[in-house]
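Worksheet for the structure shown next.
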Amino acid sequence: MEETAASGVAGPSPDPTAQPEPADDIVERWWADHFPGSPVAQVTQAWNHAFAAKEELKRRLVNLVGGGL
Numbered sequence: 280m281e282e283t284a285a286s287g288v289a290g291p292s293p294d295p296t297a298q299p300e301p302a303d304d305i306v307e308r309w310w311a312d313h314f315p316g317s318p319v320a321q322v323t324q325a326w327n328h329a330f331a332a333k334e335e336l337k338r339r340l341v342n343l344v345g346g347g348l
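Numbering (our numbering), first residue to last: 280 to 348.
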C-alpha cells in the first residue's frame, strides 16, 4: 500500500494505461458538485445563465481539444 506525503492516506497508484477523462464529464461532475442546492439554483434566471455558461464552456473545451491539443 502506498501513502501520499501530503495527506498520509493510502491511495491507489495511477493507471498509466487509463484514458484521460473527457472534458464534458469533468465539467458535468463539477457542476453537480457545486450548483444543485446552491443559491444560484434558487433563482431561475441565475440558474439559466450559469447553465448556459457551462454549456458554452463545454463547447469551447471541445474546440480547444479538437484544435490541436
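Cβ coordinates follow ideal geometry from the N, Cα and C atoms, glycine included.
No experiment lies behind these values; they were computed from the predicted model shown.
(request) For residue 323, I'd like the list of residues in its chain whose CB is within less than 8 Å of its CB, leaving aside the five on either flank, ordered along the chain. (result) none
(request) Assign residue 345 to one of three DSSP states: helix, strand, or coil. (result) helix
(message) Please state the DSSP three-state secondary structure of residue 300.
(response) coil
(request) Could you have a look at residue 330 and say whether DSSP puts it in helix, strand or coil? (result) helix
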